[in-house]
Amino acid sequence: MTAVSPNNRPDLRDLLAFYASAGVDEALEDEPVNRFAEAPSKPPERAAPPIAESATPQRSTSVSRAEISDRLNPAPAVRAPTTPATVPDEAQAALARQLATTAANLDELRQLMATFDGCNLKFTAKNLVFADGNPNAAVMLVGEAPGRDEDIEGLPFVGRSGRLLDRMLAAIGLDRNSAYIANVIPWRPPGNRTPTPHETEICRPFIERQIELVNPKVLVNLGGPSAKTLLNATEGILRLRGNWRVHTTAAGIVIPAMPTLHPAYLLRTPAHKKLAWRDFLEVKAKLRALG
Ligand code: URA
């Protein structure tokens, strides 16, 4: 990293402010990496001028916002052909929809997702967080997106909210041998930011196929984003929760679904744990009724 001197400190502050305003609020690696100093592995045909070649001959290591912006958003013509897509768009969502249907089983789906380069979140995440638990379970729980702990371990709900989820499952006689757990988004959004609608649309076909392949008797949607994405709902989770809805798969299979409060929300709002407890009792009763 550039040494901080009294001369360039204000520019570093500017740079950090620029990152913060762009939503970059978390370090992804333990050690800083100066990406501007890295040589591209395959030189583009018409690269942006190196920072040192700018109009100021004897420049300091400071970088203007415009230059940073150029670097972060190079014109498509200068992209190496192998550069993966990093801008989520409808084309990637269409590709995901087409690919997801080709997975004949969960292993194929996992492999397909591991090699799919159409979602930008993949490139900042450490791991694909595919699922945990028993794919033959009668109940499948779907959260929103992995957090830091899940990203590190490559498993859903292993952090604080996961520990609460385990206790909620235990309260109705379930555990990770008798439940299957996944997320709408399988890659951690940087800094745990909310996934964009495009990112969700790109990931949606994969989780829908995953649900179809698991074919649980009951689906539990943990939190608003999971409920809204998979139940075609627009209401807030406090309205949705506690009422049975259905998830309809592409093949037309109708699965009863219980939207409930996300464990992370319950950690922040423990007074609402009693609501989630009621929802989980509903799930228990439904599982019993369905045999
Ligand atoms: N929150 C989620 O929605 N999913 C996880 O896997 C962890 C936290």
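Residue numbers for the sequence shown follow numbering that gives the first Met the number 0, so the first one is 0 and each next one is one higher. The C-beta atom is built at its ideal place from N, Cα and C for all residues, glycine as well.
Compute the beta-carbon to beta-carbon distance between residue i and residue j, rounded to the nearest angstrom, for a pair I have assumed lies under 8 Å.
| i | j | result |
| --- | --- | --- |
| alanine 103 | leucine 111 | At roughly 10 Å, the Cβ-Cβ gap does not stay under 8 Å, so alanine 103 and leucine 111 are not in contact. |
| isoleucine 210 | glutamate 198 | Contact doesn't hold; Cβ gap of about 19 Å is too wide. |
| arginine 175 | glycine 132 | 4 Å |
Please work out which residues of its chain come closer than 7 Å, Cβ to Cβ, to residue i, disregarding the five sequence neighbours upstream and downstream, and give them in chain order.
| i | result |
| --- | --- |
| leucine 230 | Asn220, Arg244, His246, Ala256 and Pro258 |
| aspartate 278 | Arg240, Gly241, Met257 and Thr259 |
| serine 177 | Asn133 and Ala136 |
| isoleucine 236 | Gly222, Gly223, Ala226, Pro258 and Leu260 |
| alanine 263 | Ser160 |
Are the CB atoms of residue j and residue i within a distance shorter than 8 Å?
| i | j | result |
| --- | --- | --- |
| lysine 272 | leucine 265 | yes |
| proline 134 | glycine 142 | no |
| glutamine 91 | glycine 117 | yes |
| arginine 162 | arginine 187 | no |
| arginine 203 | threonine 233 | no |
| alanine 130 | isoleucine 180 | yes |
| asparagine 119 | valine 157 | no |
Just the C-alpha distance for residue i and residue j, rounded to the nearest angstrom, thanks.
| i | j | result |
| --- | --- | --- |
| alanine 270 | asparagine 242 | 19 Å |
| methionine 167 | valine 128 | 21 Å |
| lysine 125 | proline 215 | 29 Å |
| leucine 11 | arginine 192 | 23 Å |
| leucine 108 | phenylalanine 205 | 8 Å |
| valine 282 | alanine 288 | 10 Å |
| glycine 223 | aspartate 106 | 28 Å |
| alanine 169 | aspartate 13 | 49 Å |
| alanine 95 | threonine 195 | 16 Å |
| alanine 16 | leucine 218 | 42 Å |
| isoleucine 151 | alanine 144 | 13 Å |
| alanine 275 | threonine 268 | 11 Å |
| glycine 153 | alanine 113 | 12 Å |
So the candidates are the options; which of them puts its Cα closest to the Cα of residue i?
| i | options | result |
| --- | --- | --- |
| glycine 172 | Leu15, Ala124, Leu260 and Ala136 | Ala136 |
| leucine 286 | Ala263, Ile254, Leu260 and His261 | Ile254 |
| alanine 284 | Ala232, Phe115, Val138 and Thr123 | Val138 |
| tyrosine 18 | Gly190, Phe122, Arg267 and Phe115 | Gly190 |
For residue i, I'd like the list of residues in its chain whose CB is within less than 8 Å of its CB, leaving aside the five on either flank, ordered along the chain.
| i | result |
| --- | --- |
| alanine 249 | Thr100, Glu207, Arg208 and Glu211 |
With a threshold of 6 Å on Cβ separation, who are the neighbours of residue i within its own chain once the five nearest residues in sequence on each side are excluded?
| i | result |
| --- | --- |
| threonine 81 | Note that threonine 81 scores 44 on pLDDT, short of 50, meaning its location in the model is unreliable and no value can be drawn from it. |
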